[in-house]
Every structure is written in C-alpha cells, then in structure tokens.
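Notes follow the structure.
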Amino acid sequence: MVSYLQITTLRQWPYKNLSRADQHVVERFFDSKPFFARGWDIYHYETNSRDFFLIPFTQISEFFAQVTTETGIAAFSNVSTKKVEFRIDHDNDDEPIFLGTIESKEEFDQLKESNSWNEDGNGRGAQSKLNKKIKAQEKRRRNMAGWRAQVESAMHHLGFTNKENAVDDSPVFVSVDVESYEFNHSAITEIGISILDTYQLPAKNAQYITSGESPHPNSALPKNNISATPKSRGEAILALVESHHYRIKEHRSLRNGTFVSDAADRFEFGSSEFISLNDAPTVVAKCFRHFDEEGQKRKIVLVGHDVKTDIDYLKVIGYDVTNIVNLETIDTACMWKAMKQETQSRSLNVILMDLELEYWNLHNAGNDAAYTLQALIKMAEKGLPENPEIPEAEIAPAVNPRVVIRAEDIEIRFMEDEDASSRPIGWKAARQSRAVVKPVPIPVATPVPNYPPSDGSPLSVNGDGW
1 MVSYLQITTL
11 RQWPYKNLSR
21 ADQHVVERFF
31 DSKPFFARGW
41 DIYHYETNSR
51 DFFLIPFTQI
61 SEFFAQVTTE
71 TGIAAFSNVS
81 TKKVEFRIDH
91 DNDDEPIFLG
101 TIESKEEFDQ
111 LKESNSWNED
121 GNGRGAQSKL
131 NKKIKAQEKR
141 RRNMAGWRAQ
151 VESAMHHLGF
161 TNKENAVDDS
171 PVFVSVDVES
181 YEFNHSAITE
191 IGISILDTYQ
201 LPAKNAQYIT
211 SGESPHPNSA
221 LPKNNISATP
231 KSRGEAILAL
241 VESHHYRIKE
251 HRSLRNGTFV
261 SDAADRFEFG
271 SSEFISLNDA
281 PTVVAKCFRH
291 FDEEGQKRKI
301 VLVGHDVKTD
311 IDYLKVIGYD
321 VTNIVNLETI
331 DTACMWKAMK
341 QETQSRSLNV
351 ILMDLELEYW
361 NLHNAGNDAA
371 YTLQALIKMA
381 EKGLPENPEI
391 PEAEIAPAVN
401 PRVVIRAEDI
411 EIRFMEDEDA
421 SSRPIGWKAA
431 RQSRAVVKPV
441 PIPVATPVPN
451 YPPSDGSPLS
461 VNGDGW
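Heads up, the sequence shown is in UniProt numbering, so the first residue is 1 and it goes up one at a time.
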C-alpha cells in the first residue's frame, strides 16, 4: 500500500524537528526554488471541506537520503513512515489521484488555481461546498448499494433467497485471515483458511427439529456454533465449513502480545500445521483450487473481514489471489454496514456478538477465518432490511438566509437543573437528552523497536493464474 506525505508537512518538517543550527544547514534543500525544482509527483486527495496535495513516500525517502548524505544530519535517516504519513480513509474507497509532475512553485500554484483548489479550506464559495456535500452523499449511496449487493450475492450463493428458478454457479467460499508480527508487519506468522463448498449445501426444503422449550441452563451448548442437531438450515451450513491453520516455521519465535493478543497456539477448529516460507504460496494456492466433475475450475468467492489487508498480506508470502479468473470478493465488514445501514466499520468480535455467535481466541488466523465465514452465513440467513433507508442527496440553498431577532423579543430566564450538582466538572451535557459526553483522551505513541524486514518468499507474487 502506497504511503503519502502532505507537501506542506514536508516543507515544514525541518523547522519542527531540527535545531536552528541544523535548519540553516538544510535551507538549501527546503527553500522554495530548490525544493520545487526537484520534480515532485503530485497527488490530489479531497474531503468535504479541504483539498490535500500529496507526495509519494518513495520520493521523500530518496530526498531524505540525499539530505543525510550531503549534510550528515541523522534525523533524516530514521523517519518512521507510520508516524508521519497522511491518513487516508480507505473505508470509503477514496484514493489519491495523480495530477502530474511539477518542477517549480509556479507550476504548483497554477495547478491549484486552474481547479479552484486550496489547502486551507478557506475562500471556497458556498456552492463549491454544496457540490462537495452532494458528491459525498452520492458516494455514500453508491457504497451502500455495493455493500447490499454483497449481502444479496451471499444469500443467492447459499440459497437463502425465495427465487426458485435462480441459476447459480455453485461457487466455493474461501475465507482468509493472515496474522503478522506486531513489530514488523512484513513478517507473516499465521495464515487461516476456511472453505465452504456449496455443492454440499442442504436442500432449501430440508426439515429441522425445533423445540419450543428453552434449553436447560446446564445443558451443553454447541462448540464453536457447530451443532450435532441443527435447528435451522443456517446451523446445518455452519457444520460444513472446513478450517485450516498454518504457521510459518521461520517466524515461530515471533510472538505478539504487546499490541495484539497472542493466540497462535489456540486454534479452535483442529490442529495447526507448520509450513515453511518457501512452501506457503503452494499451500495457499491449493486451498483455492477446486474442480467440478468434468475437471473444470470452480468459481471462487474470497471472503474476509477488511479483506484488502489480507490480500496484501498474501502477496507478502508470494501469492496474489487477485489473479484468479472470475474471482468474487465479499467483505463481512461491508455486509454488516449494509445490514445495519451504517457507514462505520465494526470489528469482527462486535459483529459476532450481535449475531449471537460464540467465539474464542480471536487473532488466531485460523479462528478468525472460520468465524468470519460463520458471520457471512448468519448474515446471509438473516438477510437485508426490507425498507432500506439510504440517505438521499439534498439540495440546500447556496447562501444561508440572515436571521434577525429583535432584542425585545428575547426572553431571559433561569432553567432548573436538578442534575447540575452531580455532573462532573468539565463535562458537557445536552439539556434535552441529559446525555453526558466524555472528553476523548489523547493517544500516546508507544515506541516501536526497529526490526529488520522479513526475508519473504523467493517465489513470484503473481499467483498461479487462477
């Protein structure tokens, strides 16, 4: 994933991080004329209220390396990308757009003026803000439509629709989760894969025994949501999932536990298997290869929770799943947003709790892959809300009308507030709802050791052409 830095942040960097003496030394690099003459690739990123102009971190790394070589100032050699990179909202599928390469300050200014862009958010017309608001609403509607389509696709593949004559290609669901070392994310430690073959699905009209009585408090509950006597078609499908947990031999000593819980030894769906980095691409590829009775390749549905991250992690170990022909991708985070008609993503454990699915030892890749596929099955069984409330774009007036109130019309009086004496000082409470809003604590950055990157796999990351 490409990292970026805002151009204004880069120009201000020495003046916020170096002593005055060192600032004078590096002036010849950061002064306007030599800085822009270097030739930067400029990307544009837009929000509802501001425009941002970004530079890829690959160029910045080369720039910092040159400064370090010519000045000997070590502060430029240990700049952490994660701490200074520009944060992009990937949940809304926003990505910076390449504008071109500039070689002078005049070219940069001309680029901004020709598109009525600025970086401080000021000086914009009311109509420009309105257009961006409408654009954002349209984008939310498109996103919601895409999320709903993923739920409908899962319902269709699993037979949870009322369409009797619906034609389906009977795909194979492959759920993936990848865990990495918390101090070096290029060091992959675990790979979890769960498989559901839709050839094995029970018939739509299958009958199940349901008891009207509540189970006894001391009765044994189904382990990991897999019941020997399923009471619904959804429960029967849960029992068909086949799960695997692979651990990388070369990284078995890299254990999490500081920022992410260490559950590598707690696979709930069978036994873990240790594989080498060299064998990892072949082992993963085998899980994606399925054939019908005539020897033809079956359609694959890739499943994940925030699946983009897992796709990138698979590339690290040498397997590119996106090369699979006719690959369909379903993200349970997106399915959940469609079902709840929300735009905010939720963590896997929150979704499992709301679906009333038992879960143990998350952050074990095998468990996460299995529970993610279980969540997909349950959401497909529940289906979408009948009357979705997708927000519509509203055309607001370009200029807000001025409201004038005469002084003699204003009534001043005291409001009795019986809760005032008990409310903590410094908290704000809405008088109508009596809702108390706690101040949000400022997160404190934790120093991270500088570990060398992983050796990775010597195999190609082009996958096997599936």
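Here a beta-carbon is modelled for each residue, glycine too, at the ideal position from N, C-alpha and C.
These numbers were taken from a predicted model, which means no experiment stands behind them.
8 angstroms Cβ cutoff met for residue i and residue j
i, j, result
"THR282", "LEU302", "no"
"ILE351", "TRP336", "yes"
"ILE300", "LEU277", "no"
"GLN59", "ASP41", "yes"
"ALA380", "LEU158", "yes"
"ASN361", "ARG247", "no"
"LEU196", "VAL84", "no"
"LYS105", "PHE36", "yes"
"LYS378", "GLY234", "yes"
"TRP148", "ALA338", "It should be noted that the sequence gives Arg, not Trp, for residue 148. In this structure, ALA338 lies closer than 8 angstroms to ARG148 by Cβ."
"GLY146", "THR101", "no"
"PRO171", "ARG298", "yes"
"SER194", "SER243", "yes"
Classification of residue i by the beta-carbon crowding that lies within 10 angstroms, buried from 16 upward
i, result
"GLN374", "buried"
"GLN150", "buried"
"VAL178", "buried"
"residue 471", "Shown here, the chain extends from 1 to 466; a query on residue 471 therefore has no answer."
"ALA365", "buried"
"PHE64", "buried"
"ARG369", "The question names Arg, but residue 369 is Ala in the sequence shown. When all chains shown are included, ALA369 counts as buried."
"residue 528", "With the chain covering 1 to 466 only, the question about residue 528 has no answer from this structure."
"ALA263", "buried"
"PRO391", "Legend: pLDDT at PRO391 = 46, less than 50; position of this residue unreliable, no value from coordinates given."
"GLY72", "exposed"
"ASN224", "buried"
"PHE274", "exposed"
"MET144", "buried"
"ALA187", "buried"
"residue 467", "Nothing about residue 467 can be read from this structure; the chain reaches only from 1 to 466."
"TYR208", "exposed"
"ASP310", "buried"
"VAL2", "exposed"
"VAL307", "buried"
"SER114", "exposed"
"PHE98", "exposed"
Straight-line gap, residue i to residue j (C-alpha atoms, nearest Å)
i, j, result
"GLU268", "ARG289", "25 angstroms"
"SER175", "ASN256", "23 angstroms"
"HIS251", "ALA280", "12 angstroms"
"ARG346", "TYR371", "14 angstroms"
"ARG28", "LYS315", "40 angstroms"
"ASN154", "ALA333", "According to the sequence displayed, residue 154 carries Ala and not Asn. Approximately 13 angstroms, taken between the alpha carbons."
"ASN367", "GLN23", "52 angstroms"
"LYS249", "GLY192", "15 angstroms"
"GLU190", "THR343", "30 angstroms"
"ARG20", "GLU138", "49 angstroms"
"LEU384", "GLU152", "8 angstroms"
"VAL79", "TYR43", "21 angstroms"
"LYS33", "VAL26", "13 angstroms"
"SER227", "LEU348", "22 angstroms"
"LEU18", "HIS156", "59 angstroms"
"ARG423", "HIS363", "With a pLDDT of 40 at ARG423, under the threshold of 50, the modelled position of that residue is not reliable, and the figure given next carries that caveat. Cα to Cα, the separation comes out at about 39 angstroms."
"ILE324", "ASP292", "16 angstroms"
"SER253", "VAL260", "15 angstroms"
"GLN110", "HIS185", "40 angstroms"
"PHE76", "THR9", "14 angstroms"
"ASP354", "LEU376", "13 angstroms"
"ALA136", "THR47", "8 angstroms"
"ARG124", "PHE108", "With a pLDDT of 47 at ARG124, under the threshold of 50, the modelled position of that residue is not reliable, and the figure given next carries that caveat. Taking the straight line joining both Cα atoms gives about 19 angstroms."
"ASN205", "SER272", "37 angstroms"
"PHE160", "GLN200", "15 angstroms"
"THR322", "LYS16", "42 angstroms"
"ARG142", "GLU386", "18 angstroms"
"ALA236", "LYS382", "15 angstroms"
"GLU95", "TYR319", "24 angstroms"
"PRO202", "THR229", "14 angstroms"
Assumed close pair residue i, residue j - CB separation to whole angstroms, cut-off 8 angstroms
i, j, result
"PHE30", "PRO14", "6 angstroms"
"TYR45", "ILE88", "7 angstroms"
"THR81", "GLU182", "Not quite, the Cβ-Cβ distance comes to about 16 angstroms (not below 8 angstroms), so this is no contact."
"ASP331", "GLY304", "6 angstroms"
Margin query: Just to confirm the assignment: which complete beta strand (DSSP E) runs, minimum length 3, are found wholly within the UniProt domain "Gfd2/YDR514C-like C-terminal" (172-202)?
Written below: Counting only unbroken stretches of 3 or more residues, the beta strand (DSSP E) elements lying wholly within the UniProt domain "Gfd2/YDR514C-like C-terminal" (172-202) are 172-181 and 184-197, in sequence order.
Margin query: Going residue by residue through the segment 43-95, where are the continuous alpha helix (DSSP H) segments of at least 4 residues, counting only ones entirely within it?
Written below: 57-71 and 81-84
Next item on the list: Would you list, in sequence order, the uninterrupted beta strand (DSSP E) runs of no fewer than 3 residues that lie entirely inside the segment 307-336?
Entry: 328-331
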